Structure formats: C-alpha cells, structure tokens
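Per the numbering used here, the sequence shown starts with residue 108, numbered consecutively.
Here a beta-carbon is modelled for each residue, glycine too, at the ideal position from N, C-alpha and C.
All values derive from a computational prediction rather than experimental measurement.
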Amino acid sequence: MTKMAQGETLVAKDIRKAFRRSNGWFKPASETQALRGVSFEVRPGEIFGIVGESGCGKSTLARILVGLEDADAGSLSRGDRTLFAPASPTVPAVRRGIQMVFQDPYASLNPRMSVGDVVAEGLAIAGMSKADRDARVAETLSLVGLTPGDASKFPFQFSGGQRQRICIARALVMEPAFLIADEAVSALDVSVQMQILNMLLDLRERIGVSIIFITHDISVVDYICDRVMVVYGGEVVESGKKNAVLDHPENEYTRKLISAVPQITSVKLL
Ligand SMILES: Nc1ncnc2c1ncn2[C@@H]1O[C@H](COP(=O)(O)OP(=O)(O)O)[C@@H](O)[C@H]1O
Ligand SMILES: [Mg+2]
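Here it is in structure tokens:
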C-alpha cells in the first residue's frame, strides 16, 4: 500500500455540543453541555492524544469529527477544505478522510458477515469492483497483522485483540488520512493492548496515517502519543507536546490524572 494522503492539518475550532433531554410534561428539560468550545489541530502523521475521564465529551467529539453527529457550533477543516462550518455544506463522512475505530470489538462487528465482507463494506458502497475489493482487503489484512486467508472467516473465530485488528482494517481500507481510535484498547488485556499500540505505531511509520487516540488512560498516552490534549467537563484544560504535558503539567486536573497512574510517576522517578 502506498503512503496515504498526507500534508494536511486537521483544524477544529470552537466545537460546541449540548444534549437536551425532555423530562416529561411537568419538569423542565435538562441540558448537558458535552463540549464547551473545543479547539485543536492534528498534524500530518502525528499521534494526537485526547485524554480525560469518562463523560468529559471525548466520544461526542469523535462522533462529530467523523460525521456521526452534528456540532451545534464550530468548524472543522482539512488543509484549505472546510469539512463543516456554519452556513457551509457539510462534507459527507466518507470524503472527510477520517475513519473511526470504536471501543468494543465485539459489538462493532456484524457476526453474520465474513471478515472479508466486513472490511470491504465501505469499498462496496463506494462502488469498487469485487476483484479490486478482494485485493485491497488482502493487502489491508496483512497490514494489521492478519492474513489474506482470514477474509473467509467469521468474527467469532477471532480473539478480542484480533477483532480489534479487523475493526482497524475496516477503517484503514478506506485509506483515511486520519484514524480515530476511541478507547480502542481499553477493553483489551494489557499484553494485547501493547500489541495493538505497537501495531498503531508501526502503521504510522509505514503508511503515514495520523491517529487521534482517545483514552481515559494517561499511561497509554505516554506510550504512543506525540502531543496530547487534556479534556475536563467538555473543555480543553491543557495541551501540548506529550513530554511537556506529562513531565510539567500546568493544570491541577492533569496532575491528578498523572498521579492516579503509579507506573508513570515511578518510571519517571527511575
Ligand atoms: N446521545 C446523548 N444524549 C444525551 N446525552 C449524551 C449523549 N451522548 C453523550 N451524552 C452526555 O454527554 C457527556 C459526554 O459524553 P461522552 O462524549 O460519551 O463522554 P466520554 O466519551 O468522554 O466518556 C456525558 O455527560 C454524556 O452523558
Ligand atoms: Mg467515550
């Protein structure tokens, strides 16, 4: 596979999202401010971490980036192309060059579809011929450490880590410039986590894909990210180069996240 589309920075500006919930006729509706104006940039070929505790708005942000959800306000652009902005048409998800991998590799694979059909689905929708799809699927399965022969198998024949490789293949087959991994290793055993993290590092080297790595676990950020943005309550509290943020956190919340992970502090002390 050739190096994928590169050279464009993804720029998100002041993204806002609230969820309104009706509480029946007699109580006022409640509102959750999931994102309160989030801005950041993801550069070509970098691994950009988004870290924060459960409920801080990470998945909402991911869904907005990939086009599964609309923002209330803000803009997203890639190079000189606007992907969404007030009063401009939103670019369909497939053309954004952004693909997503979800947390649960069991829930996100259709058990009735063969691995080959799962991975090829986006290509089939895009109208690619069967012969071309088969070739691209074989290539992509090899890229994620599976074999072309795995295409004829079904998801139940694979372990959790292998299933997550299938999900990553399904995303990569569309040749995205940006891959979003939303808690993509959080459900896996530590040793399997390491294998997937190493595979993501290897993919970045081999195909130059940028990765937006979303996690609640700052030790994972420490392992693979180049830069990191810390989110608390729908707001960015701190961002910068990974080493700068982890070694010299300026924000109280960032310090708390770091001190909650004994291995980071102990490794840094050695
Ligand atoms: N579809 C939705 N309807 C109502 N509230 C939602 C919805 N999705 C997320 N939320 C709320 O928005 C906030 C952020 O959620 P989420 O983005 O899933 O956080 P995270 O991924 O960081 O755990 C939470 O308070 C959550 O309850
Ligand atoms: Mg989430």
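Asked	Found
Beta bridge counterpart(s) of residue 289 as assigned by DSSP	321
Residue 121 (DSSP reduced to helix, strand or coil)	strand
Residues that DSSP places opposite residue 139 in a beta bridge	126
Residue 270, DSSP secondary structure in three states	helix
Near ligand 2: residue 80 beta-carbon under 6 angstroms from a heavy atom	Since the displayed the chain opens at 108 and closes at 377, residue 80 lies outside it and no answer follows.
Assigned exposure category for residue 271 - 16 Cβ within 10 Å defines buried	buried
Same chain only: Cβ atoms within 8 angstroms of residue 216, ignoring 5 sequence neighbours per side	225, 262, 270, 273, 274
Residue 126 beta carbon near ligand 1 (any heavy atom closer than 6 angstroms)	yes
Alpha helix (DSSP H) segments (min. 4 residues) lying fully within the stretch 176 to 218	none
Beta-carbon gap between residue 318 and residue 286 smaller than 7 angstroms	yes
Classification of residue 70 by the beta-carbon crowding that lies within 10 angstroms, buried from 16 upward	For the chain, the structure presents residues 108 to 377; residue 70 sits outside this window and is missing.
Best match in 366, 230, 251 for proximity to residue 302 [C-alpha to C-alpha]	251
Outcome for residue 339 when other beta-carbon atoms lying within 10 angstroms are tallied against a minimum of 16	buried
Status (buried if at least 16 other CB within 10 Å, exposed otherwise) for residue 300	buried
Euclidean distance between Cα positions of residue 132 and residue 138	16 angstroms
Residue 141 CB to nearest heavy atom of ligand 1 below 6 angstroms	yes
Residue 195 beta carbon near ligand 1 (any heavy atom closer than 6 angstroms)	no
For residue 336, three-class secondary structure by DSSP	strand
Sheet register partners of residue 144 (DSSP bridge)	For residue 144, which the question treats as bridged, DSSP gives no partner whatsoever.
Identity of the residues DSSP links to residue 159 by a beta bridge	DSSP lists no partner for residue 159.
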